[in-house]
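Enquirer:
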Amino acid sequence: MVERRLTGMIAAAAVLIVLFIFWDVFRPVARAVDSSAPAPTTLAVDSIARPIAPPTPPPAAPQPVAPATTASQGTAGPTVPAGRQPTYFDLLARSETRRRIRLTGTSTYLGEMLAASDDSMLRRWDNRQQSPVRVWFASTNAANFKPAFLEQIRAAFGQWANAGVPIRFDFVTDSTQAEVTVKWRIQFEIERTGQTDVTWDDQGHIQSAVVTLATFDPKGRPMEPDDIRVVAMHEVGHVLGLDHSKDSTDIMFPTAKVRELSDRDVRTVRLLYELTPGSVR
Ligand SMILES: [Zn+2]
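Structure below.
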């Protein structure tokens, strides 16, 4: 009897050892994080072409108009504090995050967003209901700029803030307080009417964003206030951490065809803000 129990224990120990070895062989390996470069990562997301006048030209190559900071993009590895391997519990949490995203199927585009990304990272602001994200409008002399544009942009921020995310926005007049800057240019050289550059830390916490809007579309036609609202809706989606959807009925389609948030836009941003930011791999 004792012998049989002993044999059982030895067998169990052997199974554990085998499991342990397999775990060690197959666990995901974190890319080295360049600890000498803790600078936040910046990505210039491309943006929408003006949502009128079909046929819409193909989306421009997602090459930013080159803020130098994009060069740092490659240095951010998975979201572990510099040099630390993700723990078993980190990996378990990430696997749970992936499961939750999978469960939503096609009712959100968070899964396709991650699949298209090269770092499998969720990026978002922390909960900012108590201390709203501070938005500042840069002044401009750009031709065709209309003060009415600002009201449309505020409306765009408001629509996302009302989509059920724990984020509020405050419009400040002091540029030194700005976390999100909205600035202007007359036109982009490429097929785009807006651009958003987002900065985040190595754990996916968004820290700042710059939204650039054009007062003329790429064909040289002046933007109207409601066009500005639509472009701003798309750009604020980027500010919140969303990337592009492949479905043209979403405002986050690269060349937006719709002029309001879709249910999928709302579900996607809500899910994003329920999940822990950072790498899901
Ligand atoms: Zn975009």
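Reading the sequence shown from the start, the letters are residues 321 to 601 in the numbering used here. We treat Cβ as the ideally placed atom computed from N, Cα and C, and that holds for glycine.
Check whether the Cβ atoms of Gln-497 and Trp-445 sit closer than 8 angstroms, and answer yes or no.
Expert: If you number the sequence shown from 1, residue 497 lands on position 177. If you number the sequence shown from 1, residue 445 lands on position 125. Going by C-beta atoms, Gln-497 is not nearer than 8 angstroms to Trp-445.
Enquirer: Assuming Thr-516 contacts Val-559 (C-beta within less than 8 angstroms), just tell me the rounded distance between them.
Expert: The residue given as residue 516 occupies position 196 in the sequence shown. The residue given as residue 559 occupies position 239 in the sequence shown. That pair is a contact at about 6 angstroms.
Enquirer: Where does Pro-467 land, buried or exposed, given buried means 16+ other C-beta within 10 angstroms?
Expert: One-based indexing of the sequence shown puts residue 467 at position 147. Result: exposed.
Enquirer: Assuming Met-553 contacts Leu-581 under a Cβ cut-off of 8 angstroms, what Cβ separation, rounded to an integer in Å, is found between them?
Expert: Taking the sequence shown and counting its residues from 1, the one referred to as residue 553 is at position 233. Taking the sequence shown and counting its residues from 1, the one referred to as residue 581 is at position 261. Confirmed, Cβ separation roughly 7 angstroms.
Enquirer: For the alpha helix (DSSP H) holding Gly-431, just list the boundary residues, first then last.
Expert: Taking the sequence shown and counting its residues from 1, one reaches residue 431 at position 111. 430 to 436 is the extent of the alpha helix (DSSP H) around Gly-431.
Enquirer: In the DSSP assignment, what residue or residues form a beta bridge with Ser-599?
Expert: Translated into positions along the sequence shown, residue 599 becomes position 279. Met-441.
Enquirer: Taking all protein chains shown into account, do 16 or more other C-beta atoms lie within 10 angstroms of the C-beta of Arg-481, making it buried, or fewer, making it exposed?
Expert: What you label residue 481 is simply residue 161 of the sequence shown in a count that begins at 1. In the sequence on display, residue 481 carries Ala and not Arg. Buried, since its Cβ has 16 or more Cβ neighbours within 10 Å.
Enquirer: What did DSSP end up calling Ile-526 once you bin it into helix, strand or coil?
Expert: What you label residue 526 is simply residue 206 of the sequence shown in a count that begins at 1. Correct three-state label for Ile-526: strand.
Enquirer: Any heavy atom of ligand 1 within a distance shorter than 7 angstroms of the CB on Pro-467?
Expert: Walking along the sequence shown from the start, residue 467 turns up at place 147. Not so, every heavy atom of ligand 1 lies at least 7 angstroms from the Cβ.
Enquirer: Relative to the C-alpha of Val-586, which residue among Tyr-429, Phe-465, Arg-443 is closest?
Expert: As a working note, residue 586 is residue 266 in the sequence shown. Of Tyr-429, Phe-465, Arg-443, the residue nearest in Cα terms is Tyr-429.
Enquirer: Verify whether the separation of the beta carbon atoms of Lys-577 and Ser-568 is less than 8 angstroms.
Expert: Locating residue 577 in the sequence shown gives position 257, where the first residue counts as 1. Locating residue 568 in the sequence shown gives position 248, where the first residue counts as 1. Yes.
Enquirer: Looking only at its own chain, which residues have a Cβ that is under 6 angstroms from the Cβ of Thr-492, when we skip the five neighbours before and after it?
Expert: Here residue 492 is taken as the residue at index 172 of the sequence shown, counted from 1. Rather than Thr, the amino acid found at residue 492 in this sequence is Val. If we look at Val-492 and ignore the five residues flanking it on each side, its Cβ neighbours are Arg-454, Trp-456.
Enquirer: May I ask whether a heavy atom of ligand 1 can be found less than 7 angstroms away from the beta carbon of Leu-574?
Expert: Residue 574 sits at position 254 when you count from the first residue of the sequence shown. Reading the sequence as shown, one finds Pro at residue 574 and not Leu. At least one heavy atom of ligand 1 is nearer than 7 angstroms to the Cβ of Pro-574, so yes.
Enquirer: Please go through the same chain and pick out, in chain order, the residues whose beta-carbon is closer than 8 angstroms to the beta-carbon of Arg-488, but skip the five residues on each side of it.
Expert: As a position in the sequence shown, residue 488 is number 168, starting the count at 1. So the qualifying residues of the chain are Arg-448, Gln-449, Pro-452, Val-453, Ala-481.
Enquirer: Please list the terminal residues of the continuous alpha helix (DSSP H) segment that includes Val-414.
Expert: Start at 1 with the first residue of the sequence shown, and residue 414 comes out as number 94. It is Arg, not Val, that sits at residue 414 in the sequence shown. It spans 408 to 423 - the alpha helix (DSSP H) in which Arg-414 sits, taken as one unbroken run.
Enquirer: Measuring only from the beta carbon, is His-558 closer than 7 angstroms to any heavy atom that is part of ligand 2?
Expert: Absence of ligand 2 is noted for the structure shown, with ligand 1 being the only ligands found.
Enquirer: For my contact list, Arg-443 and Ile-526 are in at a C-beta cut-off of 8 angstroms; report their separation, rounded to the angstrom.
Expert: Translated into positions along the sequence shown, residue 443 becomes position 123. Translated into positions along the sequence shown, residue 526 becomes position 206. Right, their Cβ atoms sit about 5 angstroms apart.
Enquirer: Would you give the residue range spanned by the beta strand (DSSP E) that Gly-514 belongs to?
Expert: The residue labelled residue 514 in the question sits at position 194 within the sequence shown. First-last of the beta strand (DSSP E) with Gly-514: 514 to 520.
Enquirer: Is the closest heavy atom of ligand 1 to the C-beta of His-525 under 7 angstroms?
Expert: Position 205 of the sequence shown, counted from the first residue, corresponds to residue 525. No, since every heavy atom of ligand 1 falls outside the 7 angstroms radius drawn around the Cβ of His-525.
Enquirer: Let me confirm a value: Leu-562 is counted as buried when at least 16 other C-beta atoms fall within 10 Å, else exposed. Which label applies?
Expert: By 1-based counting over the sequence shown, the position of residue 562 is 242. Buried: at least 16 other Cβ atoms inside 10 Å.
Enquirer: Would Val-500 and Ser-528 be called neighbours here (beta carbons separated by less than 8 angstroms)?
Expert: Taking the sequence shown and counting its residues from 1, the one referred to as residue 500 is at position 180. Taking the sequence shown and counting its residues from 1, the one referred to as residue 528 is at position 208. Yes; because the gap between Cβ atoms is below 8 angstroms, this pair is in contact.
Enquirer: Find out if the Cβ-Cβ distance for the pair Arg-505, Ala-458 is shorter than 8 angstroms.
Expert: Position 185 of the sequence shown holds residue 505. Position 138 of the sequence shown holds residue 458. Not a contact, by the Cβ cut-off of 8 angstroms.
Enquirer: Assign Ala-373 to one of two classes, buried (16 or more other C-beta atoms within 10 Å of its C-beta) or exposed (fewer than that).
Expert: Locating residue 373 in the sequence shown gives position 53, where the first residue counts as 1. Low confidence applies here, because Ala-373 scores a pLDDT of 36, under 50, leaving its location unreliable; read the following figure in that light. So Ala-373 ends up on the exposed side.
Enquirer: Nearest by alpha-carbon distance to Ala-508: which of Asp-537, Asp-522, Ala-463 is it?
Expert: Within the sequence shown, numbered from 1, the residue matching residue 508 stands at position 188. In the sequence as displayed, the identity of residue 508 is Phe instead of Ala. Ranking Asp-537, Asp-522, Ala-463 by Cα distance to Phe-508 puts Asp-537 first.
Enquirer: Helix, strand or coil for Phe-469? Go by DSSP, reduced to three states.
Expert: Looking up residue 469 in the sequence shown gives position 149. Phe-469: helix per DSSP, three-state reduction.
Enquirer: With DSSP collapsed to three states, give me the class of Thr-535.
Expert: As a position in the sequence shown, residue 535 is number 215, starting the count at 1. Here Thr-535 sits in coil by DSSP.
Enquirer: Take the Cβ of Arg-422 as the centre, count every other Cβ of all protein chains shown within 10 Å, and call the residue buried at 16 or more, exposed below.
Expert: Working through the sequence shown from its first residue, we reach residue 422 at position 102. So Arg-422 counts as exposed.
Enquirer: For the beta strand (DSSP E) that contains Ile-487, what are its first and last residues?
Expert: On the sequence shown, position 167 is the one that residue 487 refers to. 487 to 492 is the span of the beta strand (DSSP E), which, as asked, contains Ile-487.
Enquirer: Distance check for Leu-434 and Ile-571, CA to CA, integer angstroms please.
Expert: By one-based count along the sequence shown, residue 571 stands at place 251. By one-based count along the sequence shown, residue 434 stands at place 114. Cα to Cα, the separation comes out at about 18 angstroms.
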